[in-house]
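Going line by line, the protein sequences match chains A and B. According to this note's numbering, the first sequence is numbered sequentially starting from 4. According to this note's numbering, the second sequence is numbered sequentially starting from 4. C-beta atoms are modelled at their ideal positions from N, C-alpha and C, and glycine is treated no differently. The structure displayed is predicted, hence computed values, not measured ones. Since the structure comes first, as structure tokens, the remarks are kept for the end.
2 protein chains.
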Amino acid sequence: MATKTKPAPDGKRQRLSPEDRERQIVDGAIQFFAEVGSGGQTRELAQRLGITQPLLYRYFPAKQDLIERVYEEVFIGRWKGEWEDLISDRTKPLRERLIAFYEDYARDTLTYEWIRIYMFAGLAGEDINRRYIQLLEKGLLIPVCTEVRDAAGAPSPTDVAISSLEIEAAWNIHAAIFYYFVRKYIYQTPVEPDLAAYIADTVDRTLDGALAITRETIAAEQQRVVA
Amino acid sequence: MATKTKPAPDGKRQRLSPEDRERQIVDGAIQFFAEVGSGGQTRELAQRLGITQPLLYRYFPAKQDLIERVYEEVFIGRWKGEWEDLISDRTKPLRERLIAFYEDYARDTLTYEWIRIYMFAGLAGEDINRRYIQLLEKGLLIPVCTEVRDAAGAPSPTDVAISSLEIEAAWNIHAAIFYYFVRKYIYQTPVEPDLAAYIADTVDRTLDGALAITRETIAAEQQRVVA
DNA sequence: CCTGCTATTTATCGATCGATCACCAACGAA
DNA sequence: TTCGTTGGTGATCGATCGATAAATAGCAGG
Chain A
4 MATKTKPAPD GKRQRLSPED RERQIVDGAI QFFAEVGSGG QTRELAQRLG ITQPLLYRYF
64 PAKQDLIERV YEEVFIGRWK GEWEDLISDR TKPLRERLIA FYEDYARDTL TYEWIRIYMF
124 AGLAGEDINR RYIQLLEKGL LIPVCTEVRD AAGAPSPTDV AISSLEIEAA WNIHAAIFYY
184 FVRKYIYQTP VEPDLAAYIA DTVDRTLDGA LAITRETIAA EQQRVVA
Chain B
4 MATKTKPAPD GKRQRLSPED RERQIVDGAI QFFAEVGSGG QTRELAQRLG ITQPLLYRYF
64 PAKQDLIERV YEEVFIGRWK GEWEDLISDR TKPLRERLIA FYEDYARDTL TYEWIRIYMF
124 AGLAGEDINR RYIQLLEKGL LIPVCTEVRD AAGAPSPTDV AISSLEIEAA WNIHAAIFYY
184 FVRKYIYQTP VEPDLAAYIA DTVDRTLDGA LAITRETIAA EQQRVVA
């Protein structure tokens, strides 16, 4: 991910293979657009890469194409299908699974570049955010709700559909972790330095709430069925 | 707040008092910059206001001055000192106080314009966010921690200093509410439509966690004192 | 109705930005 | 060494943007 860009040793031009150059441009663009947003100037990006601005247009016919490549690489490329298995692995306590997941997720996804590009894209009205949220619901929130049901001794979602408040409870856990990185990388404010402790404590605090709301949902449901 | 802008009834120019025109420009700028960010063009802002672009420069010598006026108006202007009293009013249960506060806070502060301008400003590296967070810590997070201490039957902060994990627990509550509006106004994704129910449920879920971490903090502290 | 003040517009400057094109030079094949 | 392919650069175009200055028009006071 971190391609070391030599700033053209002397004044000479350096000729790279198209694959290497493209990689270098995309990596540089991720850093650059994370810093200043997709409104950043192609000339400044080129300067940081140690190349001239027209060269960008040899690899990407328009600036927008480069931006979309960045979105693709950052958002779609970093999702791991195995996370769903990790969440659903009932040989370990749910608490431990959530902590393990969020430590992994924070390392792979909740980085400086990811958080900032994600927020820039959201503000720009890109639909990449909505696409990602669909991925998140299907691959994380619903599995979490399913496991919370199990941990609460409640019926599985195949018997009683997941309520919107249960999804919101899963969002609460996610929001608490996510917002930590918003504070760190967007507001650039000091945060609790021990990330592992923060994740563990936050999961502890928010998971109990999710278990409670699930029990309430099920109790209300059973009340409804009886009536 | 919502100044009705007549788009110049016919082609004629309309002459307003400086106060009215300035108010109209600032209100329009809040809407406009919330939508597109402070990078939005002065010509487009002027067009939306039904005035010409140079007129903006009669009221604000530079674009940056208008932007800072918007920050001032939105962030500093909307904070209510009475919120701290509401949080600290021990004649009502803490749960009810928090719900009442967040309903008020959501109505006054967590609006489309506020959330978006706040996030745009954060990404732009403005220090307005850090200033606001200082306000938030002093006027909300610390008072909440203080009340959580009381509700948990724990010593007051004057006896045992508030730990960073307790502050983070207060942040968890705040993040859960805040992120709901990020989803609504930045990602523009469907959210639970019943805001009052969402706030009440979220406070219920996150407050118990905060009480628990406070009890743990105090227990660890007392352990330390004994040893 | 006239006159002076000033809110508002018209016209335009200089800088910047995305994009294009003709030209240059690095490297492999012969 | 020569030469062709192609990665890379210099120069520049047209559009856009913040900002300025001169011209215009609405309105109050006489």
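Quiz item: According to a CB-to-CB cut-off of less than 8 Å, which residues of the region 200–211 of chain B neighbour chain A?
Solution: 200, 201, 204, 205, 207, 208, 209 and 211
Quiz item: What are the start and end residues of each continuous alpha helix (DSSP H) run of 4 or more residues lying completely inside the region 120–172 of chain A, in chain order?
Solution: 131–139 and 145–154
Exercise. List the residues of chain A whose Cβ lies closer than 7 Å to the Cβ of residue 181 of chain B, in chain order.
Key: 182
Quiz item: Pick from A:113, A:191, A:20 and A:169: whose alpha carbon is nearest that of residue 137 of chain B?
Solution: A:191
Self-check item: Whole-angstrom distance between residue 211 of chain A and residue 196 of chain B, CA atom to CA atom
Solution: 24 Å
Quiz item: Taking all protein chains shown into account, do 16 or more other C-beta atoms lie within 10 angstroms of the C-beta of residue 74 of chain B, making it buried, or fewer, making it exposed?
Solution: buried
Quiz item: Taking all protein chains shown into account, do 16 or more other C-beta atoms lie within 10 angstroms of the C-beta of residue 18 of chain B, making it buried, or fewer, making it exposed?
Solution: exposed
Quiz prompt | Same chain, Cβ closer than 7 Å to residue 188 of chain A, five either side skipped, listed in chain order | solution = 115, 118 and 119
Self-check item: Environment of residue 92 of chain A [buried if 16+ CB atoms lie within 10 Å]
Solution: exposed
Quiz item: Three-state secondary structure (DSSP) at residue 230 of chain A?
Solution: coil
Exercise. Would you tell me roughly how many angstroms separate the C-alpha atoms of residue 100 of chain A and residue 57 of chain A, rounded to the nearest one?
Key: 49 Å
Practice problem: Would you mind working out which of B:63, B:108 and B:69 sits nearest residue 84 of chain B, comparing C-alpha positions? | Solution: B:108
Exercise. Over the uninterrupted alpha helix (DSSP H) stretch that includes residue 29 of chain A, give me the two end residues.
Key: 21–39
Quiz item: Secondary structure at residue 65 of chain A, three-state DSSP: helix, strand or coil?
Solution: coil
Exercise. Please list the partners that residue 63 of chain A has in chain B, where partner means a Cβ-to-Cβ separation under 9 Å.
Key: Correct list: empty, because the minimum Cβ distance to chain B is about 22 Å.
Practice problem: Please confirm if residue 145 of chain A has its CB atom under 8 Å from at least one CB of chain B. | Solution: no
Quiz item: Taking the alpha-carbon positions, what's the residue 225 of chain A to residue 166 of chain A distance?
Solution: 14 Å
Quiz item: residue 55 of chain B to residue 48 of chain B, Cα distance in whole Å?
Solution: 9 Å
Self-check item: Members of the region 88–121 of chain A near chain B, C-beta cut-off 7 Å
Solution: 119
Quiz item: How many Å lie between residue 40 of chain A and residue 123 of chain A at the Cα?
Solution: 6 Å
Quiz item: How many whole angstroms separate the CB atoms of residue 173 of chain B and residue 203 of chain B, which I take to be in contact at a CB cut-off of 8 Å?
Solution: That pair is no contact at about 18 Å.
Exercise. Measure the Cβ-Cβ separation of residue 29 of chain A and residue 61 of chain A and say whether it is below 8 Å.
Key: no
Quiz item: Under a CB-based cut-off of 8 Å, is residue 165 of chain B close to chain A?
Solution: no
Quiz item: Is residue 212 of chain A helix, strand or coil by DSSP?
Solution: helix
Quiz item: By how many angstroms is the C-alpha of residue 36 of chain A removed from the C-alpha of residue 42 of chain A?
Solution: 8 Å
Exercise. Can you have a look at residue 129 of chain B and say buried or exposed, based on whether 16 or more other CB atoms are within 10 angstroms of its CB?
Key: buried
Self-check item: Inter-residue spacing [alpha-carbon to alpha-carbon] between residue 227 of chain B and residue 157 of chain A
Solution: 40 Å
Exercise. Tell me, to the nearest whole angstrom, how far the beta carbon of residue 105 of chain B is from that of residue 194 of chain B; I am working on the premise that it is less than 8 Å.
Key: No, residue 105 of chain B and residue 194 of chain B are not in contact; Cβ-Cβ is about 15 Å, not under 8 Å.
Quiz item: Shorter than 8 Å from the beta carbon of residue 223 of chain B to some beta carbon of chain A?
Solution: no
Quiz item: With distances taken between CB atoms, is the gap from residue 170 of chain B to residue 209 of chain B smaller than 8 Å?
Solution: no
Quiz prompt | Beta-carbon neighbours of residue 53 of chain B, restricted to chain A and to distances below 8 Å | solution = The premise fails here: residue 53 of chain B is roughly 24 Å from chain A at the closest Cβ pair, so nothing lies under 8 Å.
Quiz item: Are any of the Cβ atoms in chain B nearer than 8 Å to that of residue 133 of chain A?
Solution: yes
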